[in-house]
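K.L.:
Supplied in structure tokens, the structure appears directly below.
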Amino acid sequence: MTWKIIKRDLASHVVLIVLVALSLFPFYYMLATSLKSNPQFFSNSLGISFPFDWGNYAAAWAAVEPYVINSAVITLVSVVIIVVTTSITAYAFARLRFRGKGFLYMAMVALMMIPGALTLIPLFLEIEKFGLLNHRFGLVLVYAAGGQAFTIFVLRQMMANLPEELFESARMDGCSEFKAFLYIALPLTKATIGTLAIMNVMGIWSDYILPLLVLTSPNKMTLTVGLVQFQGEFLANTSYGPMFAGYTIASIPILIMFLLTMRMFMQGITAGAVKF
Amino acid sequence: MMERMLQSRKTGKIPRHSPVAYGLIAPSFTLMLTFSYFPVIVAIVYSFTTWDGFNPPQYSGLANYQQVLSDPIFWLSMWHLLLWGLFKLFVDLAVPLVTASLIFHLRSSRAQYVYRVLFVIPMVVPGVVLLMIWSFLYDPNLGVINSLIHHLGFTSLTPDWLGDPNLALIALMLVGLPFVIPFNLLIFYAGLQHVSESVFEAATLDGCSALSRFFKIEFPLLLGQTKLLMILTVIGLLQNVMGPLVLTNGGPGYATYMPALMMYFDAFQNNQMSLGLAIAMIIFVMVLVLTWAQNKFIRPSEEFVN
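Residue numbers (my numbering), protein chains in the order written: chain Z, 6 to 281; chain S, 23 to 328.
Structural data, given as structure tokens:
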């Protein structure tokens, strides 16, 4: 019996290891190439070459530094706005009663059905009309709005699942709604809020099409757009190492955040996944 | 008003109507009204006009829709969408599902965790960066893929993956190989965790093989997740501008044109905003129809799931 199970597991491990290796290959290739000088790249394009050429990172950083800062600022401000506004709204939908609540909630949920492709052109025209073309703040507002529906949807569910007794006793003690939100609802859902914040950070940091259209002057560009613009230049100079170092720099912030919050993140997705 | 507040203070029950709620939801709804609802209305209204985005729009009825639907390039891009969609629906669901099942039945829970983390790591690379890495892998002279082909002995073959009209679409479809989509994997895995243990125990007692366990128990019980991921996969592909834009720019010729890419070109390269909006509306209607069809025709099995 046991040898059968071990044998079955062994076959699974073999399949899984092959899949892992293939899935991680582009990631590995990015890291390996980012540390190669040109001669190393041409003599050994697949393996790892020693010594590492850290100079690539200095060259890449010199090229992409302003874009990193732009992306970081845009992402942080957007996600702070999203977290603050959605947690308050989710609280109102989860714990309060008011006229029109059902309708407003359905109207919000319906937004999740709207494909981004439908609103891409109108958003561009709107930003243009508001005179926000080439302003980072315009992009922040669009991201803050785009993150609302899904974040509220998930957070409302978590806040609605908290026991009502907690809030009842708080009200009896004369606690205002705002305090109940701040001292009861918020601490009890902080894991979910963290997960949702990370998901929003990933989406905004990685976005490409909208910043490509909205931020056209080179000093305002985000990192994704900057990297694509630089690709041609890097390729023309055959500076492959710095090119891949730039790609790695774009991945590092998310990687660090992911490693720090891995358990929470995996549990968050898993918890959200059950109710489909 | 005061009475009601005192009442709620005494019992602690939720007041029947809390006007403060409108204040709480106001910031969210202001953002959504301006940047989510309003653009939808703009898209619908202006798709029935002729508009370049600068000059005043002229009402033109269904002219944009007629122009799009009679354009052979649009139908070519729909054909690409169909081919890619069928392929993607199969691999993006089947591979993560099988992988999730393989991981779930490992005996060591530590190994289960390690595999899940390893499969999720590629998520940290921004999508556009991943595309640029793949475009480098596809490079006819420098790329790993062609050097692999040469190593295997086919030294006379040097396919230009993204530059050959016969290969470009296939090359785009193969980006992301082996298609263990992290999000899909985690959703399926979570689904398996919520199947009653007793179901698997009964299957083992009955001498159910891994293969029939997969097809007769796991797949039917995960139909709910499958359904959700199907619709997300199709919606994602319908809106996919970035892949073709970054890797091939729709070319060579029209070889990798997709509806969303056509929309993008019409609006932002040809200044035909209203024509782009008509394509966007067609994409939107396709999303609605597909979602409706799924809800009507695929019903998940609820028994045995706790």
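Yeah, the Cβ is synthetic: ideal placement off N, Cα and C, and Gly gets one too.
(1) Given this structure, state the Cα-to-Cα distance separating Ser123 (chain S) from Phe241 (chain S), to the nearest angstrom.
(2) Taking a cut of 9 Å between CB atoms, which residues from the region 191 to 209 of chain Z lie near chain S?
(3) Which residues does DSSP list as the beta-bridge partners of Gln80 (chain S)?
(4) Quick one: grab the DSSP three-state call for Val217 (chain S).
(5) For Val263 (chain S) and Tyr213 (chain Z), I'd like the C-alpha separation in whole angstroms.
(6) In chain order, what residues of the region 39 to 55 of chain S put their CB closer than 8 Å to some CB of chain Z?
(7) Using a Cβ-Cβ cut-off of 8 Å, state whether Glu182 (chain Z) counts as contacting chain S.
(8) How many angstroms separate the CA atom of Ser92 (chain S) from the CA atom of Tyr276 (chain S)?
(9) Looking at the C-beta of Val268 (chain S), does it have a partner C-beta in chain Z at a distance below 8 Å?
(10) Whole angstroms is fine: what's the gap from Ile157 (chain Z)'s alpha carbon to Leu201 (chain Z)'s?
(11) Let me check understanding here. Comparing Cα to Cα, which of Z:Ser211, Z:Tyr188, Z:Asn205 and Z:Thr221 lies closest to Ile257 (chain Z)?
(12) Where do the ends of the alpha helix (DSSP H) carrying Glu240 (chain S) lie?
(13) Compile a chain-ordered list of the residues in the region 146 to 175 of chain Z whose CB is closer than 8 Å to at least one CB of chain S.
(14) Given a cut-off of 8 Å on the beta-carbon distance, is the pair Tyr62 (chain Z) and Ala250 (chain Z) in contact?
(15) Entirely within the region 83 to 170 of chain Z and at least 4 residues each: give me those alpha helix (DSSP H) ranges in chain order.
(16) Counting Cβ pairs closer than 8 Å, one from the region 86 to 93 of chain Z and one from the region 188 to 202 of chain Z, do we hit at least three?
(17) With H, G and I counted as helix, E and B as strand and the rest as coil, what does DSSP make of Ile259 (chain Z)?
(18) Going by alpha carbons, who is nearest to Ser28 (chain Z) out of S:Gln89, S:Gly198, S:Pro162 and S:Ala116?
(19) Closer than 8 Å is the cut-off here; do at least three beta carbon pairs connect the region 215 to 223 of chain Z with the region 125 to 138 of chain Z?
(20) If we define contact as Cβ-Cβ less than 8 Å, is Pro120 (chain Z) a contact residue for chain S?
(21) In angstroms with no decimal places, state the Cα-to-Cα distance between Asp182 (chain S) and Gly175 (chain S).
(22) Check whether the region 180 to 189 of chain Z touches the region 232 to 248 of chain Z, counting contact only when three or more Cβ pairs, one atom from each stretch, lie closer than 8 Å.
(23) Looking only at C-alpha atoms, which of S:Leu310, S:Phe57 and S:Ala282 sits nearest to Ser300 (chain S)?
(24) So, are the CB atoms of Leu46 (chain S) and Leu153 (chain S) less than 8 Å apart?
(25) Please work out which residues of its chain come closer than 6 Å, Cβ to Cβ, to Ala154 (chain Z), disregarding the five sequence neighbours upstream and downstream, and give them in chain order.
(26) Check whether the Cβ atoms of Ala150 (chain Z) and Thr278 (chain S) lie closer than 8 Å to each other.
(27) In chain order, what residues of the same chain have a beta carbon less than 7 Å from the beta carbon of Pro187 (chain S), not counting five sequence neighbours either side?
(28) Tell me, please, whether the region 200 to 220 of chain S touches the region 110 to 118 of chain S by the rule of three or more beta-carbon pairs shorter than 8 Å.
(29) So, for Val73 (chain Z): in the same chain, excluding its five sequence neighbours on each side, which residues have a beta-carbon less than 6 Å away from its beta-carbon?
(30) Could you give the residue range of the alpha helix (DSSP H) that holds Ser296 (chain S)?
(31) Determine the direct distance from the alpha carbon of Thr52 (chain S) to that of Ser39 (chain Z), and round the result to whole angstroms.
(32) Where do the N-terminal and C-terminal ends of the alpha helix (DSSP H) with Ile214 (chain Z) fall, by residue?
(33) Using the Cα positions of His140 (chain Z) and Val84 (chain Z), report the straight-line distance between them to the nearest angstrom.
(34) Taking Ser58 (chain S) as the query, report the chain Z residues whose CB atoms sit under 8 Å from its CB, ordered along the chain.
(35) Below 8 Å on the Cβ atoms is my contact criterion, and I expect Leu251 (chain S) with Ile209 (chain S) to pass it. Report the Cβ-Cβ distance as a whole number of Å.
(36) For His102 (chain S) and chain Z, any beta-carbon pair shorter than 8 Å?
P.N.:
In this structure, then:
(1) 10 Å
(2) Met207
(3) S:Thr72
(4) strand
(5) 10 Å
(6) His39, Ser40, Pro41, Val42, Ala43, Tyr44, Leu46, Ile47, Pro49, Ser50, Phe51, Leu53 and Met54
(7) yes
(8) 16 Å
(9) yes
(10) 10 Å
(11) Z:Ser211
(12) Run containing Glu240 (chain S): none; DSSP gives neither H nor E here.
(13) Leu146, Val147, Ala149, Ala150, Gly151, Gln153, Ala154, Ile157, Glu169, Phe172, Glu173, Ser174 and Ala175
(14) yes
(15) 106 to 115, 121 to 134, 141 to 151 and 153 to 165
(16) yes
(17) helix
(18) S:Gly198
(19) yes
(20) yes
(21) 17 Å
(22) no
(23) The question names Ser, but residue 300 (chain S) in the sequence shown is Ala. Nearest C-alpha to Ala300 (chain S): S:Ala282.
(24) no
(25) Met113, Leu116 and Met117
(26) no
(27) Pro274, Gly275 and Ala277
(28) yes
(29) Leu228
(30) Met295 to Phe319
(31) 44 Å
(32) Ile214 to Val219
(33) 17 Å
(34) Leu116, Ile119, Thr124, Ala150, Gly151, Gln153 and Ala154
(35) 6 Å
(36) no
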